[in-house]
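Chains as they are written, first to last, in our numbering: chain A, 6 to 195; chain B, 768 to 980. Comments concern the structure below.
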């Protein structure tokens, strides 16, 4: 039951992109096509889950154990940067197919604040490892869902006549605003 | 159109001031290369913290500090960093200054720290900071890098303050917590959807200003 609440809250109520404003750059940058947006969603799911596990272990067994929590920001970003590199190298060797699908998005993920954000949130919310994993997967799901809907709308938007000054990013942001308005309808269900 | 005339005249004055090269480095972050409105960098904190003008300003100044210090240190040690590990080294430098900001803010401005929350540690992954370190500070002199960091940072702070002021005014009829219109206006502007919509229109307006010659 606890897990279900975490999942619903992360995907719908506190959607990572539309309510918490994390990962806006890829949300606006690579959401022109449904296929690329799903690829990005998959890559984020992969890295976010791994990063949350590793940072949770580091926080619990190194930072908290030695009382050096103030190093959290430095430690986490280094771990995530190294992790992304490692995933890229391993994926290239072990599963070229998956690398083909996710590869181009991996370097972008280091500076995706959603990954670092979820890692820090997991610590702030005092989740245990299992809850942290569920939280990360649910947030990645929320990210992918938002990307997917947004890309779908943007594909249609290309055929519309938009006033020249609003073309491109401005109209996309207005669409995101309306989407956020729709997601606000979920407020209060958990 | 009087608005166009006004924009033209202001731009001419700005251009005259901008003849000085150092001043140009300092001022281009405001309009021509504004990190938020033109380059579209650092959108997460831009949308996340600008529920009020003061929050926007606080976040902007915190980022400015990190930008200036990171640019300074990167340009100081640019000749000692091997090319292959330069990005990780930049990240460590940036993260150290972010930690300083975190600790100082927690100690001296706990209310603001509470409001900005998660977005303070997330300055680390703000593309502007790493972007300027990589694109400018690692190739230029210390003085120029300092000015560039200051200019870009103040441009970012400027954008965040404007966005915060617009949202605060439309949402609650106040700017910097000073009530201008009694009662609540459109509360949605303080909430998530308003952030996207307000930023959309501000980007469109800045496009218009930059186009008018």
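We put the CB at the ideal spot given by N, CA and C, even for glycine. Predicted model only: the values in this text are computed from it and were never measured.
With distances taken between CA atoms, residue 975 of chain B lies nearest to B:804 out of B:840, B:804, B:924 and B:816. Rounded to whole angstroms, the separation of the alpha carbons of residue 126 of chain A and residue 65 of chain A is 14 Å. For the segment 126–145 of chain A, residues whose beta-carbon sits nearer than 8 Å to a beta-carbon of chain B comprise 126 and 129. When C-alpha distances from residue 132 of chain A are compared across A:61, A:163 and A:43, the shortest belongs to A:61. Note on geometry: alpha-carbon atoms of residue 961 of chain B and residue 823 of chain B lie some 15 Å from one another. Within a 10 Å sphere around the beta-carbon of residue 139 of chain A sit 16 or more other beta-carbons, which makes this residue buried.
In the structure shown, the three-state DSSP call for residue 24 of chain A is coil. Contact note: residue 33 of chain A reaches chain B through 807 and 810, using a C-beta cutoff of 9 Å and chain order. Rounded to whole angstroms, the separation of the alpha carbons of residue 858 of chain B and residue 82 of chain A is 8 Å. Residue 153 of chain A and residue 14 of chain A do not touch by the CB rule: their CB atoms are close to 19 Å apart, not below 8 Å.
As the crow flies, the alpha-carbon of residue 23 of chain A is around 27 Å from that of residue 877 of chain B. Nearest CB-CB separation between residue 871 of chain B and chain A: not below the 7 Å threshold.
With contacts defined as CB atoms closer than 7 Å, residue 884 of chain B and residue 793 of chain B fail to qualify as a contacting pair. The alpha-carbon separation between residue 48 of chain A and residue 88 of chain A amounts to approximately 13 Å. For residue 970 of chain B, no pairing in a beta bridge is given by DSSP. With a threshold of 7 Å between beta carbons, residue 15 of chain A makes no contact with chain B. Between residue 830 of chain B and residue 923 of chain B, the gap from beta carbon to beta carbon is short of 7 Å. For residue 143 of chain A, the closest of A:6, A:10, A:16 and A:7 by C-alpha to C-alpha distance is A:16.
In chain B, no part has a C-beta under 7 Å from the C-beta of residue 96 of chain A; the shortest such distance is about 20 Å. Proximity to residue 8 of chain A across A:141, A:92, A:136 and A:193 peaks at A:136, based on C-alpha coordinates.
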